[in-house]
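Add 602 to a position in the sequence shown, counting from 1, and you land on the number used in the working numbering. Note that CB positions come from ideal geometry on N, CA and C, so glycine has one too. As C-alpha cells, the structure follows; a few thoughts come after it.
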Amino acid sequence: MIEINDFLENNLSAIKNIIAEFEIEIEFSSHDFIEKFTDKYESDYIKMLVKYQESGHSFKTVHNQIALFLSAKKESLGIYKTQRKGSENVKGKIDIIQWWIRSKPIT
Numbered sequence: 603m604i605e606i607n608d609f610l611e612n613n614l615s616a617i618k619n620i621i622a623e624f625e626i627e628i629e630f631s632s633h634d635f636i637e638k639f640t641d642k643y644e645s646d647y648i649k650m651l652v653k654y655q656e657s658g659h660s661f662k663t664v665h666n667q668i669a670l671f672l673s674a675k676k677e678s679l680g681i682y683k684t685q686r687k688g689s690e691n692v693k694g695k696i697d698i699i700q701w702w703i704r705s706k707p708i709t
C-alpha cells in the first residue's frame with residue numbers, strides 16, 4: 603500500500619513544480635493544491651483513497667495528510683501559512699482549512 607508522506611517526499615521536486623503553478627503572493631488553499639495534485643497523480647491519489655476507505659473518511663484522512671506534509675515542508679516548498687478559513691471540499695461542503703501564499707524566491 604502507498605504511504606502518503608513517503609509518496610510526497612519521493613516526489614518532492616514534482617510537488618515543488620505544483621506549488622510553482624500558483625502565482626507569487628496570491629493566496630491558495632490546501633484544497634487548491636490537492637486539485638492540482640490529483641490532476642498530475644490521479645491513479646496514486648485513488649490508491650491513497652482506497653487505502654483508507656474502510657475508515658469511512660478516506661478523503662478527510664488523505665487530505666489531512668497532504669496538508670500536514672505541506673505544513674512540515676513549507677520552508678523547502680517556498681510557502682507560508684496565512685490563515686484558516688472556508689473552502690469547498692470535494693463533496694461540496696465548506697471546510698475550515700489552511701490557506702497559503704507562495705513566497706518570492708530569494709535573489
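- For residue 661, the secondary structure class from DSSP, reduced to helix, strand or coil, is helix.
- Secondary structure of residue 628 (DSSP, three-state): coil.
- In the three-state scheme derived from DSSP, where H, G and I count as helix and E and B as strand, residue 611 is classed as helix.
- Counting of Cβ neighbours within 10 angstroms places residue 652 among the exposed residues, the total staying below 16.
- The beta carbon of residue 673 sits closer than 8 Å to the beta carbons of 683, 700 from its chain, once the five residues preceding and following it are set aside; these are given in chain order.
- Sorting 680, 691, 685, 665 by C-alpha distance to the C-alpha of residue 623 places 680 at the top.
- DSSP places residue 682 in the strand class (E or B) of the three-state scheme.
- Ranking 689, 627, 654 by CA distance to the CA of residue 637 puts 689 first.
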